[in-house]
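Protein chains in written order, with the working numbering: chain A, 48 to 331; chain B, 466 to 726. Even glycine gets a Cβ: it sits at the ideal position worked out from N, Cα and C.
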Amino acid sequence: MPDKRCTEDEVVAELADGMTIGIGGWGSRRKPMSLVRAVARSSLRDLEVVSYGGPDVGLLCATGKVRRVVYAFCSLDSIALEPHFRRARQDGTVETFELDEGMMLLGLQAAAWRVPFLPTRVGLGSDVLEHQRDRIRTVRSPYDDGEELVAVPALPLDVALVHLHRADAAGNGQYLNVDPYFDDLFCRAAARTFLSVERVCPTEELASNGPLQSMLISRLWVDGVVEAPFGAHFTECVPDYPRDEEFQRAYAAAARDDEAWAAWRARYLDCGGHDAYRDAAGLR
Amino acid sequence: MSGPAASVGPGPATRADHCVVALAECFRGDGEILANPIGTVPMIAGRLARASFEPDLVMTDGEARLVAGPVPVGVEAPDVIVEAWNPYRTMFDVVWSGRRHVVMGASQLDPFGNHNFAFIGDRRRPRAQLLGFRGAPGNTVNHATTYWVPDHSPRVFVPAVDVVCGIGTDRARALGPSGRFFELRAVVTNLGVLDTSGPDGRLRLRAVHPGVAPEDVQAATGFLLPMVDDLEVTRPPSAAERVLLARIDPLGLREREVRTS
Numbered sequence: 048m049p050d051k052r053c054t055e056d057e058v059v060a061e062l063a064d065g066m067t068i069g070i071g072g073w074g075s076r077r078k079p080m081s082l083v084r085a086v087a088r089s090s091l092r093d094l095e096v097v098s099y100g101g102p103d104v105g106l107l108c109a110t111g112k113v114r115r116v117v118y119a120f121c122s123l124d125s126i127a128l129e130p131h132f133r134r135a136r137q138d139g140t141v142e143t144f145e146l147d148e149g150m151m152l153l154g155l156q157a158a159a160w161r162v163p164f165l166p167t168r169v170g171l172g173s174d175v176l177e178h179q180r181d182r183i184r185t186v187r188s189p190y191d192d193g194e195e196l197v198a199v200p201a202l203p204l205d206v207a208l209v210h211l212h213r214a215d216a217a218g219n220g221q222y223l224n225v226d227p228y229f230d231d232l233f234c235r236a237a238a239r240t241f242l243s244v245e246r247v248c249p250t251e252e253l254a255s256n257g258p259l260q261s262m263l264i265s266r267l268w269v270d271g272v273v274e275a276p277f278g279a280h281f282t283e284c285v286p287d288y289p290r291d292e293e294f295q296r297a298y299a300a301a302a303r304d305d306e307a308w309a310a311w312r313a314r315y316l317d318c319g320g321h322d323a324y325r326d327a328a329g330l331r
Numbered sequence: 466m467s468g469p470a471a472s473v474g475p476g477p478a479t480r481a482d483h484c485v486v487a488l489a490e491c492f493r494g495d496g497e498i499l500a501n502p503i504g505t506v507p508m509i510a511g512r513l514a515r516a517s518f519e520p521d522l523v524m525t526d527g528e529a530r531l532v533a534g535p536v537p538v539g540v541e542a543p544d545v546i547v548e549a550w551n552p553y554r555t556m557f558d559v560v561w562s563g564r565r566h567v568v569m570g571a572s573q574l575d576p577f578g579n580h581n582f583a584f585i586g587d588r589r590r591p592r593a594q595l596l597g598f599r600g601a602p603g604n605t606v607n608h609a610t611t612y613w614v615p616d617h618s619p620r621v622f623v624p625a626v627d628v629v630c631g632i633g634t635d636r637a638r639a640l641g642p643s644g645r646f647f648e649l650r651a652v653v654t655n656l657g658v659l660d661t662s663g664p665d666g667r668l669r670l671r672a673v674h675p676g677v678a679p680e681d682v683q684a685a686t687g688f689l690l691p692m693v694d695d696l697e698v699t700r701p702p703s704a705a706e707r708v709l710l711a712r713i714d715p716l717g718l719r720e721r722e723v724r725t726s
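So this is what it looks like as C-alpha cells:
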C-alpha cells in the first residue's frame, strides 16, 4: 500500500488560487483546523469554500482567503452565529451560494456520482430557489406524475479537507464519534482529498479501534494523510477531546474589532505551523 | 419528585408554563413520528407531550441519538436510554419521508406564515447575517412545522419577510401538488397562539395566554391580524403535567426564556 503521509504545508502546496475547497465536519465539530490554519497562513486567495460551516469558514473569511461561501449555516454550536463569517457578510467581502442543508448533501452526492444534478422537493417555493434561479434550476419529472422538482446542481470539489480520528498511512480513515457528518461525501465529491487525523496507526489496528462501520473512508478516496494531534482543536473531536469552549469564546471575541483580531492572529495563526499552535494553545 | 422545581406547588402557572403547554399541544395526534423541537422551551414542550398524552413520539438527544424517556433539559442525564442511531444523514431521510414535526424559531414571519431566519437586508450584503437557510426550505415543504416566537413584536411579525426560508401558506398553495406535504401547524408566541385559518390561509389569532388582551397581540403584530370569533385562552399545565415539568425542566430554564409580565 502507498504511504501518503505528508504535512499541512505540503497539502497547501497542492492548492491553487480560485479552487473550490470542501471542508468536512459540522459547525464546530471535527473540523480540520490545522489544515484550515495552514491555508489561512498561505498566500492563497479567491477560494470557494463548501462547508457545513463553523470556524473553518470564519477563519478563512477573516484572513481574506474566500471569494465565495457555499453554505446552509455557519455556527459555532455553543455560539449560535459564527462572528467572523457574520462580519465578512455584513462588510460585503464574500459572495455566497445559499443552500438548504439537505441541498448541500444532494449537491455533494451528485458530484460524487458524476451526475449534473439530483432532484428533490427541497427548495420549492422558498427564496433559496427564487433568489438564485441563475444557479439552481428546476426539472420536470419524465414520468406520469409530471411533477416539477428542484434540480440541485452537483457541487464538485477540487479538494476536500477532512479530519478523522484515525487513519493508516495509506489513507484508510476511521471516525470514532457518533456522527460521520458528510465527510465521506466530501471525499467522494472531490478530485483530491487530504485527511488529517489525530493519530496515524498501523492498518491492522483499525479494526480493533472501533466497529467495522467506523472505518468510514477507504484509501480509494484519499491523496494525503496528515498526522495532527489536536488537529481539530478548538472544535469538538470526542472521544479524543471535547470542544475547547473557553478557547472558542476567545476566538469569537476576536471578531469584535481589527485590534482584537490582530492580537488573536499574531498569537495563534502567525505563530507558525501546528506544533507552534499547540505550544501557543497549551495542547500537550 | 425532587428538585428545585420552578412551578410545582401552589403558585399560579407562569406565562412560560402556558407557552410550554401550548407548544406541547401542537404535537397532539402526531403519533409515532420524530418530534424535533428546537430551542429550550420547545424541547421542554416536546418532552412534556411525550411524557403525557403523546407517548409514541420519537425524539433526539440533540445529536445523533434517538432517546427514550422524559429526558431532562439542561442537565446531564446519565441513564438515558438510546433507541436508535440517527446521524445527520439519516435525519434528512426522516425529513424527506415526512415522518417529522419540527418546531423552529423565526426572526421574521409574514401574514401567510412565510418565514425568515437567514439574514436581514440584502442577500449580497445583509444588514444582519443570521442563521442562513439551514433546513427550513426542506422542512416546510416536507412535513409539519410549528414556529416558536418568545418575543412577539412588530420586528418579528412583518408585512413582508426579507427572504423566505420556510414557506408560508400562499407559496405552498402556488406549488399545486408539489406542496401537498406542507403543513404549518401553528405559531406559538409569548402572547398567544396563531393558526392559518384566516382569509386565504393568513395567520389568525386563535388563543391568548391569560392576562393578554387581543389588542395587545395586534399592537405587537406589524400587520392586521384576524381573530377567531371564539377566542380561546390557553390552558395551564395540569397537576400531573406540573409534576412532569419539574422532572423535565428541573432548572426552570423555561422561566429564563419567557418572563411573566
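- Scanning chain B for C-beta atoms nearer than 8 Å to the C-beta of residue 119 of chain A yields 597, 598, 599, 600, reported in chain order.
- Fully enclosed alpha helix (DSSP H) runs of no fewer than 4 residues occupy 230–236 of the segment 210–249 of chain A, in order along the chain.
- Residue B:670 holds the alpha-carbon nearest to the alpha-carbon of residue 617 of chain B among B:706, B:641, B:544, B:670.
- Per the coordinates, the alpha-carbon of residue 568 of chain B lies some 44 Å from the alpha-carbon of residue 323 of chain A.
- Fewer than three pairs of CB atoms, one per stretch, sit closer than 8 Å, so the segment 295–304 of chain A makes no contact with the segment 227–237 of chain A.
- Secondary structure of residue 605 of chain B (DSSP, three-state): helix.
- Under a criterion of Cβ atoms nearer than 7 Å, the residues of chain A adjacent to residue 607 of chain B are, in order, 168.
- When the five nearest sequence neighbours on each side are left out, the beta carbons in the same chain lying within less than 8 Å of the beta carbon of residue 674 of chain B are those of 480, 483, 484, 487, 655, 656, 657, 698, 699, in order along the chain.
- When Cβ pairs closer than 8 Å are counted between the two stretches, the segment 73–83 of chain A is seen to touch the segment 205–215 of chain A, the count reaching three or more.
- Distances from the CA of residue 331 of chain A to each of A:295, A:153, A:163, A:288 were compared; the closest alpha carbon is that of A:288.
- Under the 10 Å beta carbon count, residue 510 of chain B is surrounded by 16 or more other beta carbons and is classified as buried.
- Cβ-Cβ distances below 7 Å link residue 723 of chain B to 480, 481, 484, 506, 615, 655 in the same chain, with the five nearest sequence neighbours on each side left out; the list follows chain order.
- Taking a Cβ-Cβ cut-off of 8 Å, the neighbours of residue 632 of chain B in chain A comprise 171, 172, 173, given in sequence order.
- Between residue 97 of chain A and residue 113 of chain A, the gap from beta carbon to beta carbon reaches 8 Å or more.
- Counting only residues of its own chain and dropping the five nearest sequence neighbours on each side, residue 284 of chain A has a CB closer than 6 Å to the CB of 77.
- The beta carbons of residue 519 of chain B and residue 554 of chain B sit no closer together than 8 Å.
- Contact annotation, residue 663 of chain B with residue 579 of chain B: C-beta distance approximately 14 Å; criterion of less than 8 Å not satisfied.
- Here residue 95 of chain A is bridged, per DSSP, to A:67, A:115.
- Residues of chain A whose Cβ lies closer than 7 Å to the Cβ of residue 640 of chain B are, in chain order, 171, 172.
- In this structure residue 278 of chain A touches residue 79 of chain A by the C-beta definition: roughly 6 Å separates them, less than 8 Å.
- Interface flag for residue 228 of chain A against chain B is set, since a Cβ pair is found closer than 8 Å.
- Runs of the alpha helix (DSSP H) spanning 4 or more residues and lying entirely within the segment 653–708 of chain B occur at 679–684, in chain order.
- Rounded to whole angstroms, the gap between the alpha carbons of residue 199 of chain A and residue 628 of chain B is 20 Å.
- Residue 207 of chain A has A:69, A:240 as its beta-bridge partners, per DSSP.
- Note on geometry: alpha-carbon atoms of residue 124 of chain A and residue 290 of chain A lie some 10 Å from one another.
- Interface with chain B (8 Å Cβ-Cβ cutoff): residue 139 of chain A is included.
- Nearest in C-alpha terms to residue 179 of chain A, of all of A:108, A:197, A:162, is A:197.
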